[in-house]
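K.L.:
Sharing a structure below in structure tokens format, with a few things to ask.
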Amino acid sequence: TSVAMSPALVDYPVLAGQAWRYLLAAITLVGFLAARGGRLPHLERRQWIRLTVLAATGLAAFNWFVIEGAMRADPAFLVAVVGAVPITLAVVGPILSRKRVHPPTAGGAVVVGVGIVVVSGATSAPLEAVPYAVGILLCEVAFTLLAVPLLKEMTPLQLSASVCLVAVPMLAAA
């Protein structure tokens, strides 16, 4: 939905709006965490680095690429390129884990990717939009792959709250 709605927001200070959105999300998530008796984790240096890269790619850069891409191309084109995320994860994830690619998983990912293209509609775009679409794809893949190790060390709620908090100053500065 973020890709589809971005053209309607081109005159709005979207990155500032995203900073407020993630701040509200972080406050809400921290509230849920506290209500469940939890708290934000104490992070080691390497976790802070991974969390910062996660916020930079998956939240800040992703939003920037979506906004800029939507000003240059039909959102259907951007969505079609993002449809390659499951395929990319099905292949890159195992390779990075030094495991073999599981053919049924890769096949299922291809079906999902084709389905996304069919639903969003095959469309063309000017060449200048391609780097933005590829940026969206890479940010989405990086966000997923960077989150996996952190999810072994903290709960999904802790990770979600933490990454939102880290993204706020990045988006505000942008």
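Residue numbers (our numbering): 56 to 229. Where is the CB? At the ideal position from N, CA and C, for every residue including glycine. Model, not experiment: these values are computed from the prediction.
(1) With DSSP as the reference, label GLU208 as helix, strand or coil.
(2) What's the call for ILE82, buried or exposed, on a 16-neighbour Cβ count within 10 Å?
(3) Using the rule of at least 16 other Cβ atoms within 10 Å of the residue's Cβ for burial, across every protein chain shown, is MET126 buried or exposed?
(4) When the Cα of PRO159 is compared with those of VAL167, ALA216 and ARG153, which residue comes out closest?
(5) For SER231, count the other beta carbons within 10 Å of its own beta carbon; 16 or more makes it buried, fewer makes it exposed. Which is it?
(6) Taking the alpha carbon of VAL85 as the point to measure from, which residue in LEU226, TRP103, ARG101 and VAL218 has its own alpha carbon closest?
(7) Please report the residue range of the alpha helix (DSSP H) in which PRO149 lies.
(8) With a floor of 4 residues, list each alpha helix (DSSP H) that falls wholly inside the region 97-132, ordered by position along the chain.
(9) Across the region 129-146 and the region 191-207, are there enough close Cβ pairs to call them in contact, namely three or more that are closer than 8 angstroms?
(10) Using a Cβ-Cβ cut-off of 7 angstroms (strictly less than) and excluding sequence neighbours within five positions of GLY124, which residues of its own chain qualify?
P.N.:
Taking the coordinates as given:
(1) For the purposes of this step, residue 208 is identified with residue 153 of the sequence shown, where counting begins at 1. The answer is coil: DSSP assigns GLU208 none of H, G, I, E or B.
(2) Here residue 82 is taken as the residue at index 27 of the sequence shown, counted from 1. With fewer than 16 other Cβ atoms within 10 Å, it is exposed.
(3) By 1-based counting over the sequence shown, the position of residue 126 is 71. Flag for MET126 reads exposed.
(4) Walking along the sequence shown from the start, residue 159 turns up at place 104. Here the closest residue by C-alpha is VAL167.
(5) Here the chain comprises residues numbered 56 to 229, so residue 231 is not present and cannot be evaluated.
(6) Indexing the sequence shown from 1 puts residue 85 at position 30. Answer by Cα proximity: VAL218.
(7) Walking along the sequence shown from the start, residue 149 turns up at place 94. Per DSSP, the unbroken alpha helix (DSSP H) holding PRO149 starts and ends at 140-151.
(8) 100-110 and 117-125
(9) yes
(10) For the purposes of this step, residue 124 is taken as the residue at position 69 of the sequence shown. Here the set comprises LEU133, ALA184, TYR187, ALA188 and ILE191.
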